[in-house]
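Enquirer: I'd like to ask some things about the structure below.
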Amino acid sequence: MYVAARIGENDLDRARGSLLGYAPAGEVEAICWVPSNVVPVGCDEAAATAFASRIRRHHARCSSIFGQAMEVAWLWDALAGTWPTPTDLRVPQPLMAVPADRPLGVEPDPLVVPATPADLDVLVPASAAMFTEEIGYPPYRNTSGARYYRRAVATLVDRGHALVRIEDGRVVFKADVGSVGVGACQIQGVWVDPDYRGRGLSAPAMAAVVEHARRIAPLVTLYVNGYNAPALATYRRVGFDEVERFATILF
């Protein structure tokens, strides 16, 4: 879905080299997205090895490699030793989905609503806090980076893809609808203010996000770190099932 969304958002004639194809018999059998994030799709070991050979020649590094766990493992096996040492390996990451016709397991929180441009001054710091907590470093380090990050958050808001619950001028819950493609969408950037954790806020809030996301695409998905037991329990309570295993390698 991530790659389908990037293809839909980009002019591939102007971004040549962003999408690699593996076609040993003349028909494309696998693809790999290769700008800042490397994402293999439909790979077997031979395809991953071929992609790695090309990537080594044209890319010195990336921000991350992610995708189906076995495909990521094959690709990294072929790249290891020639690329920088990863800063983190996140395996496994359950990919979860809630079917379009499944009733939600909890009532949606009516206070979770699409963010508006007027919310940006409180939403941007909350988004940055989520990123820093999840990745381990801030999303920007200077003024120009801060402006770029604010524009990225504003784009989500303009699309109606940023959901928030705000209390007393403070974001206490946020989530985004990220990639959209092939009849599905992916929830990302889920965050609860640390002072509000453990209060039973997350499940109703996530139900509200799913309810909203279903208006964008019928199949709603997300993936989560396998060690995050509270999040897994919340998502299952809302109605998500595990459908695949992902992996992420961070650099």
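Take any residue in the sequence shown, note its place counting from 1, add 11, and you have its number in the numbering used here.
We treat Cβ as the ideally placed atom computed from N, Cα and C, and that holds for glycine.
Please confirm if the stretch 76-92 is in contact with the stretch 166-185, defined as three or more CB-CB distances below 8 angstroms between the two stretches.
Expert: Touching, no.
Enquirer: If the criterion is Cβ atoms closer than 8 angstroms, does the pair Phe77 and Thr259 meet it?
Expert: Taking the first residue of the sequence shown as position 1, residue 77 is located at position 66. Taking the first residue of the sequence shown as position 1, residue 259 is located at position 248. In contact: Phe77 and Thr259 (Cβ atoms closer than 8 angstroms).
Enquirer: Helix, strand or coil: how does DSSP classify Leu122 here?
Expert: Residue 122 sits at position 111 when you count from the first residue of the sequence shown. Coil at Leu122, not helix or strand.
Enquirer: To the nearest angstrom, report how far apart Pro51 and Gln79 are at their CA atoms.
Expert: Looking up residue 51 in the sequence shown gives position 40. Looking up residue 79 in the sequence shown gives position 68. If you take the alpha carbons of Pro51 and Gln79, they lie about 8 angstroms apart.
Enquirer: In whole angstroms, give me the CA-to-CA distance for Arg6 and Pro95.
Expert: Residue 6 lies beyond the residue range present for the chain, which begins at 12 and ends at 262; the question has no answer from this structure.
Enquirer: If you draw a straight line from the C-alpha of Gln199 to the C-alpha of Ser29, how long is it?
Expert: Looking up residue 199 in the sequence shown gives position 188. Looking up residue 29 in the sequence shown gives position 18. For Gln199 and Ser29, the gap between their C-alpha atoms comes out near 23 angstroms.
Enquirer: In terms of alpha-carbon separation, which member of Gly171, Asp187, His223 lies closest to Ala137?
Expert: The residue labelled residue 137 in the question sits at position 126 within the sequence shown. Looking at the Cα atoms, Asp187 is the closest of the given residues.
Enquirer: Between the Cα of Leu122 and those of Arg65, Gly237, Glu222, spot the shortest distance and give me the residue it belongs to.
Expert: The residue you call residue 122 lines up with position 111 of the sequence shown. Checking every option, the nearest Cα to that of Leu122 belongs to Glu222.
Enquirer: Would you say Pro150 and Ala165 are within 8 angstroms of each other, going by their C-beta atoms?
Expert: Taking the sequence shown and counting its residues from 1, the one referred to as residue 150 is at position 139. Taking the sequence shown and counting its residues from 1, the one referred to as residue 165 is at position 154. Taking 8 angstroms as the Cβ cut-off, Pro150 and Ala165 do not qualify as a contacting pair.
Enquirer: Report all residues from its chain with a CB closer than 7 angstroms to the CB of Arg248; omit the five preceding and five following residues, and keep chain order.
Expert: Here residue 248 corresponds to residue number 237 of the sequence shown, with the count starting at 1. If we look at Arg248 and ignore the five residues flanking it on each side, its Cβ neighbours are Gly116, Val117, Ala214.
Enquirer: Compute the Euclidean distance between the alpha carbons of Arg152 and Arg210, then round it to the nearest angstrom.
Expert: Here residue 152 corresponds to residue number 141 of the sequence shown, with the count starting at 1. Here residue 210 corresponds to residue number 199 of the sequence shown, with the count starting at 1. Distance between the alpha carbons of Arg152 and Arg210: 33 angstroms.
Enquirer: Do the CB positions of Ser47 and Ser64 come within less than 8 angstroms of each other?
Expert: Position 36 of the sequence shown, counted from the start, is the residue given in the question as residue 47. Position 53 of the sequence shown, counted from the start, is the residue given in the question as residue 64. Contact flag unset, no.
Enquirer: With 16 other CB atoms within 10 Å as the buried threshold, where does Asp130 fall?
Expert: Looking up residue 130 in the sequence shown gives position 119. Asp130 should be labelled buried.
Enquirer: Determine the direct distance from the alpha carbon of Gln197 to that of Pro110, and round the result to whole angstroms.
Expert: Taking the first residue of the sequence shown as position 1, residue 110 is located at position 99. Taking the first residue of the sequence shown as position 1, residue 197 is located at position 186. Using only the alpha carbons, I get a separation of about 13 angstroms.
Enquirer: Is Ser29 helix, strand or coil when you go by DSSP?
Expert: As a working mapping, residue 29 is identified with position 18 in the sequence shown. If DSSP states are grouped into helix, strand and coil, Ser29 belongs with coil.
Enquirer: In its own chain, which residues sit with a C-beta less than 7 angstroms from the C-beta of Ala61, not counting the 5 before and 5 after it?
Expert: Your numbering for residue 61 matches position 50 in the sequence shown. Around Ala61: Tyr33.
Enquirer: What residue does the alpha helix (DSSP H) around Val102 start on, and which one ends it?
Expert: In the sequence shown, the residue the question calls residue 102 occupies position 91. Run containing Val102: none in the alpha helix (DSSP H); it sits in the beta strand (DSSP E), 99-109.
Enquirer: Identify, in the order they occur along the chain, each residue of the same chain with its Cβ nearer than 7 angstroms to the Cβ of Phe262, setting aside the five sequence neighbours on each side.
Expert: What you label residue 262 is simply residue 251 of the sequence shown in a count that begins at 1. These residues qualify, in order along the chain: Arg72, Cys73, Ser74, Ser75, Pro95, Pro97, Thr98.
Enquirer: Applying the 10 Å Cβ sphere with the 16-neighbour rule, what's the burial state of Pro128?
Expert: By one-based count along the sequence shown, residue 128 stands at place 117. Pro128 counts as exposed, since fewer than 16 other beta carbons sit within 10 angstroms of its beta carbon.
Enquirer: Compute the Euclidean distance between the alpha carbons of Glu82 and Ile42, then round it to the nearest angstrom.
Expert: Walking along the sequence shown from the start, residue 82 turns up at place 71. Walking along the sequence shown from the start, residue 42 turns up at place 31. Those two C-alpha atoms are separated by around 11 angstroms.
Enquirer: Tell me, which residues are paired with Val52 by DSSP?
Expert: The residue you call residue 52 lines up with position 41 of the sequence shown. BP columns for Val52 point to Ile42.
Enquirer: Can you tell me whether Glu222 sits near the ligand ATP, meaning its C-beta is under 7 angstroms from at least one heavy atom of the ligand?
Expert: Questions concerning the ligand ATP fall outside what the structure shown contains, since it holds no ligand whatsoever.
Enquirer: Where do the N-terminal and C-terminal ends of the alpha helix (DSSP H) with Leu233 fall, by residue?
Expert: As a first step, residue 233 must be located in the sequence shown, where it is residue number 222. It is not in any alpha helix (DSSP H) - Leu233 instead sits in the beta strand (DSSP E) that spans 230-234.
Enquirer: Expressed to the nearest angstrom, what Euclidean distance is found between the alpha-carbon atoms of Tyr246 and Ala240?
Expert: Translated into positions along the sequence shown, residue 246 becomes position 235. Translated into positions along the sequence shown, residue 240 becomes position 229. Taking the straight line from one Cα to the other gives about 10 angstroms.
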